[in-house]
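Here is the structure we will look at, set down as structure tokens.
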Amino acid sequence: MTSSNNTTYWPKNRYLEVYNRSIDDPEGFWADEARKLDWFKTWDKVLEWKEPFAKWFVGGELNASYLCVDRHAKSERRNKVAYYFEGEPGDTRAITYAQLYREVNKCASALKKLGLTKGDKIGIYLPMIPELPIIMLACARLGVTFTAVFSGFTAQAVADRLNDLEAKILVTADGGWRRGSPFPLKKVADEAMKLAPTVKKQIVVKRTGVDVEMADGRDLWWHDLIKDADDYVAPESLEASHPLYILYTSGTTGKPKGVVHSTGGYMVYANSTYKWVFNVDQNDVFWCTADIGWVTGHTYIVFAPLCAGSTSVMYEGAPNFPDLGRWWDIIEKYGVNVLYTSPTAIRMFRQAGEEWLEKSDLSSLKLLGSVGEPINPDTWLWYYDHVGKGRCPIVDTWWQTETGGILISSAPAIQMPPLKPGSASLPLPGVAPQVVNENGEPVPAGERGLLILKKPYPGMLMTLYKDPERFKEAYWNRFPGNYLTGDYSIQDEDGYFWLLGRADEVIKVAGHRLGTLELENAAISYEAVAEAAAIAKPDEVKGESITIFVILREGYHPSTPEEIASMEGAIKKHIRDTMGPIATPERVFLVKKLPKTRSGKIMRRLLKAVAMEAPLGDATTLEDGASLAEVQAAYEELKGQV
Ligand code: WT7
């Protein structure tokens, strides 16, 4: 498919020119990009690459809050809307850059009065309300490194993060709105506080108005703190490698990884990729539907659009509240021009039927984006036809928490390549992906392999928090000098990349990343469970769903169908309570034995075949260490068990 309307909106046709320069002269190229931001002090060196540790813009100093707020509040953009906030119950706020500036300063002052200074760490556990970007920017202003925890996470998940960071403060809310009801966030935050002794204070935003218990001397209302705060706090001049935030994400071990993002490199990369990919005009309204708790929201709701001085929509609630017309309503109401969302959301709307879209005027849309998981061609075409009405190109953006910003995508501001539904298309400037085999050798066009990155770029994570060894182990040791993405990919004859999902033990449910080991640990923490193996199954809407096989401990023998169902239900609930609703398994199978290779590795392919009631498939690609006969026998045995 080719995009037919790339005449005025995509005037430039200079991808190769820009891309080649970025590869031939990366330092010159990124210095030019960095000059588009305001620096308090210019860098001495663009890149210091002590493999695998990259430091960008060494010696340079800047402040992300200054870039996102002060610059605009002091310019003719001061009365431009930064955020159109739409609460789920229908309450709205339009926040201009001048107002954002005031609120960020007040909030920074309040944090300062509580004794927070550069280098401190705090946890943020908030729903999608304006106070979330405000507190992030206030932290950035002071050089306080924050971790934002998705509001759907459990107390244990919050506490693990707070403990890893030795956070001093937790910022939360009395609750938020989801599908018509307030959810009790503060209750969960209180549980987390009990498990996280370093956290001495809790700041609480009043959102839902439900009664909450405020612990004397420990819990402080946000609105009280703001009342006594100063109107201005000077932004700290921070070195480019000062950690802006740490975001935890699942990996192949049981413990989430603390991905550390810098201030300078990250802001440069966020700003450039936002402009290249979304090509947002000063008068455009941009809407990224992600939750700010994920990296997509950090970069493309908070730091990039604000740095660019854009107007964004921020929506608090569920896409189907009060009905499936809500998003399309919002697009019409605010005249959204660019919509950036996930394949899971699109598949859900596709399943619900076009009539929900037809009630609203979607003619403001001119560009559509997709992120988080592979988008299958059927879903792509439905998005193109029914949301974009055949007028709007789709940017399928491939990236990761670790990469800070988009790496592979078409880039309308540079050039719109002919679109191929299902392919993320070409690498952005400065990005050098390659598809290799198990030995690290490039594979021919059209062949599947592991995706690696051959060059550092400014958005790249600096390290894993307090764990540089794991940083090396997870990304660099397999193919020294190259970053292992963990994804399978194909590069076709035209150079387009087709991302095929994870090659490691990571499951993507509705675009959210879950480690099989984390799931297994959660299952095993249930008293009745001795052993567990988690696998992903393809899912029509969520992309993948979770199935868990468990062996029960001695003494647990559910035998009637009711007892078995109740045990399965209890295990599901336990996993949900431990890890959050996203991690709820679709199915739990109680088995007597799990198939393993001779080296003790669980045979996931086999489990998957059983769960899908599918034949074993090509035996040559089965896990090594077992003969075909053994694998067949294990397959039959397991089938007999479930
Ligand atoms: C993994 C990273 C990117 C921010 C949100 C998710 C998968 C992401 C795409 C895409 C195919 C994609 C990959 C990647 N992924 N975008 N456009 N096409 N797959 O960040 O939770 O760190 O997950 O998401 O498997 O490795 P994340």
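Quick note: the sequence shown uses this note's numbering, first residue 75, plus one each step.
Using N, Cα and C, we set each Cβ at its ideal position, and we do this for glycine too.
- Linking Ser-633 to Pro-258 through their CA atoms gives a straight-line distance of about 37 Å.
- Our two residues, Leu-626 and Ser-673, have alpha carbons roughly 22 Å apart in a direct line.
- Note on the region 482 to 568: whole beta strand (DSSP E) runs with a minimum of 3 residues are 507 to 510, 522 to 527 and 557 to 565, in chain order.
- Per DSSP, reduced to three states, the secondary structure at His-335 is strand.
- Of the residues Tyr-600, Ile-581 and Glu-205, the one whose Cα lies closest to the Cα of Glu-390 is Glu-205.
- Residue Leu-712 holds the alpha-carbon nearest to the alpha-carbon of Leu-664 among Glu-521, Leu-712 and Trp-130.
- In the structure shown, Val-155 falls within a strand segment according to DSSP collapsed to helix, strand and coil.
- If you measure from each CB to the nearest heavy atom of the ligand WT7, the residues under 7 Å come out as Thr-323, Trp-368, Val-369, Thr-370, Ser-444, Val-445, Gly-446, Glu-447, Pro-448, Ile-449, Asp-470, Thr-471, Trp-472, Trp-473, Gln-474, Thr-475, Glu-476, Ala-498, Thr-559, Gly-560, Asp-561, Leu-573, Gly-575, Arg-576, Lys-582, Gly-585, His-586 and Arg-587.
- Residue nearest to Glu-240 within the set Lys-540, Tyr-630, Thr-652 and Asp-651 is Lys-540 (criterion: CA-CA distance).
- Between Thr-282 and the set Asn-345, Gly-161, Val-223 and Gln-356, the nearest pair of CA atoms involves Gly-161.
- In this structure Gly-446 is not in contact with Pro-492, their Cβ atoms being roughly 24 Å apart against a cut-off of 8 Å.
- Per DSSP, the unbroken beta strand (DSSP E) holding Ile-620 starts and ends at 617 to 626.
- Looking at the backbone, the Cα of Glu-687 and that of Thr-671 are separated by about 21 Å.
- Lys-115 sits away from Glu-101, with the two beta carbons spaced by 9 Å or more.
- Fewer than three Cβ pairs drawn from the region 89 to 105 and the region 162 to 176 lie within less than 8 Å of each other, which leaves the two stretches out of contact.
- In the DSSP assignment, Phe-377 falls outside any alpha helix (DSSP H) and carries neither an H nor an E.
- A direct Cα-Cα distance of roughly 11 Å separates Ile-320 from Ile-198.
- As DSSP reads the structure, Ala-606 sits in a beta bridge with Val-624.
- For a cut-off of 8 Å, the C-beta gap from Ile-468 to Ser-444 is around 6 Å, short enough to register as a contact.
- A Cβ-Cβ contact shorter than 9 Å links Val-359 with Tyr-158.
- The alpha carbon of Gly-328 has as its nearest neighbour, out of Glu-428, His-146, Ser-640 and Ala-607, the alpha carbon of Ala-607.
- Close CB contacts of Arg-576 within its chain, under the 8 Å cut and outside five residues either way in sequence, are with Gly-560, Asp-561, Tyr-562 and Lys-582 (chain order).
- Of Leu-398, Met-653 and Gly-133, the smallest CA-CA separation from Arg-253 is found for Leu-398.
- Within the same chain, Asp-305, Tyr-306 and Val-307 come within 7 Å of Asn-179 by CB-CB distance, once the 5 residues on both sides are set aside.
- In chain order, Val-376 place their CB closer than 6 Å to the CB of Pro-207, counting only its own chain and leaving out the 5 sequence neighbours on each side.
- In the structure shown, Cys-466 adopts coil according to DSSP, grouped into three states.
- As far as DSSP is concerned, Met-422 takes part in no beta bridge.
- In the DSSP assignment, Ser-255 is bridged to Arg-252.
- Glu-135 is bridged by DSSP to Lys-115 and Glu-313.
- In this model, Ala-519 and Arg-167 are separated by some 50 Å (Cα to Cα).
- Contact annotation, Ser-386 with Trp-361: C-beta distance approximately 7 Å; criterion of less than 8 Å satisfied.
- Here DSSP, grouped into helix, strand and coil, assigns His-631 to coil.
- Each residue's CA atom was taken as its position, placing Met-536 and Leu-90 some 28 Å apart.
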